[in-house]
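Peer 1:
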Amino acid sequence: MPLLSVHYLPSSAANGYNSAMCFNPIIVALDVTSAEAAASLVHELSGTVGAYKIGLELFNAVGIGIFGHLREVDSKAKIFYDAKFHDIPNTVAGAVRSANNHNVWMVNVHASGGRAMMKAAVAAASEADVKPLVIAVTVLTSLDDSDLNNDLGIRRTVRSQVVALAELAKESGCDGVVASPHEIKAIKQACDREFLVITPGVRPAGASLGDQKRVMTPGEAVALGADYIVVGRPITGAGSPRDAAINILREIEGATAN
Ligand code: C5P
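Numbers 1 to 258, taken from our numbering, label the letters of the sequence shown in order.
#1: For the putative contact between methionine 118 and glycine 173, defined by C-beta atoms under 8 Å, what is the C-beta separation to the nearest angstrom?
#2: With a threshold of 16 other CB atoms inside 10 Å of the CB of glycine 201, please say whether the residue is buried or exposed.
#3: Just reading off the alpha helix (DSSP H) that isoleucine 246 is part of, what are its end residues?
#4: With a threshold of 6 Å (Cβ to nearest heavy atom), would alanine 186 be considered close to the ligand C5P?
#5: Please give the ranges of any alpha helix (DSSP H) in the region 63-128, keeping only runs that are unbroken, at least 4 residues long and fully inside the region.
#6: Is there contact between the region 88-96 and the region 238-256, where contact requires at least three CB pairs shorter than 8 Å?
#7: So, for glycine 254: in the same chain, excluding its five sequence neighbours on each side, which residues have a beta-carbon less than 7 Å away from its beta-carbon?
#8: Would the region 32-51 and the region 72-81 be scored as touching if the rule is three or more Cβ pairs under 8 Å?
#9: Consult DSSP for alanine 205 and reduce its assignment to one of helix, strand or coil.
#10: Three or more beta-carbon pairs under 8 Å between the region 114-132 and the region 181-188, yes or no?
#11: Roughly how far, in whole angstroms, is the beta-carbon of isoleucine 26 from the beta-carbon of isoleucine 248, given that I think they are within contact range, below 8 Å?
#12: Which residues in the same chain have their Cβ closer than 7 Å to the Cβ of alanine 257, if we skip the five residues on either side of it in sequence?
#13: Isoleucine 235 by DSSP, collapsed to three states: which one?
#14: Does the ligand C5P have a heavy atom nearer than 6 Å to the CB of alanine 205?
#15: Helix or strand or just coil, what does DSSP make of methionine 21?
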């Protein structure tokens, strides 16, 4: 069996995918500081992962040209622009419109920017030739109940705030949310199966946790309903990033076999 037949069907049909197509749920976080390092990872991982995440570290290190640069390496590369926009609706709409010029596949905003802001982001995304998926960040996983209650004046647990923001994001037209693997089930129950959940905080069994605390394996997260998993160091820091990605696909296959 060819290794990369280990691709998965998504729980939803979104952004031009249809559920009959093969599907790879791995989004690799390109948390590097040079265009060359990012390009080298894309070159090596081409065909073994579903998409690449460009976050604020890489973006601010090398600038907007990174989108085109990576597409020169892999013309089909799907790019998640992890911009976490959070501003007044008009400004966020303008930022998303500008991102449309770079053919991003997925872009995100903070759900706490509110309904009008998320709606403006979705409307701006819809102006693109191919609409990017608009994803909302709910509660940063660096925050706990005490941060919410004591510092931010939010009288809810993290979990109930995550679910409330996920529901708001759905009502506002967003395609899904970023959330910890521990919140997948609650979000899928409150929203619906088609509402995407993208989850970082995953670690293959035995991999170093780094600064991640409450982790699950990629297979556990996908089995719970994650549509995409964001993986950084277990792939980018491996001796062979390609082998690491293939091993993760195998682990997911094993966990979701039944
Ligand atoms: O290297 P690692 O697999 O921990 O990278 C995870 C990626 O997901 C990083 O880019 C990190 O910024 C991002 N992320 C996260 N936790 C969140 C949101 C994003 O780890 N709650």
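Quick reminder that beta carbons are idealized off the backbone N, C-alpha and C, glycines included.
Peer 2: For this structure:
#1: Cβ atoms of methionine 118 and glycine 173 come within 8 Å of each other, at about 7 Å.
#2: Buried, since its Cβ has 16 or more Cβ neighbours within 10 Å.
#3: Isoleucine 246 -> alpha helix (DSSP H) spans 241-255.
#4: No; taking the cut-off as 6 Å, the Cβ of alanine 186 has no heavy atom of the ligand C5P nearer than that.
#5: If you keep only unbroken alpha helix (DSSP H) runs of at least 4 residues inside the region 63-128, you get 66-73, 89-100 and 115-125.
#6: Judged by Cβ distances under 8 Å, the region 88-96 makes no contact with the region 238-256, as fewer than three pairs qualify.
#7: Shown here for glycine 254: same chain residues with a beta carbon closer than 7 Å to its own, the five before and five after excluded, namely Gly219 in chain order.
#8: Short answer: they touch.
#9: DSSP places alanine 205 in coil when its eight states are reduced to three.
#10: They do not touch, by the three-pair rule.
#11: About 6 Å; that satisfies the 8 Å criterion.
#12: Nothing meets the Cβ criterion.
#13: Residue state for isoleucine 235 is assigned as helix, using DSSP reduced to three classes.
#14: No, the Cβ of alanine 205 stays beyond 6 Å of every heavy atom of the ligand C5P.
#15: Because methionine 21 sits at a pLDDT of 38, beneath the cut-off of 50, its placement in the model cannot be relied upon, and the following sentence gives the value as read from the coordinates. The three-state secondary structure of methionine 21, taken from DSSP, is coil.
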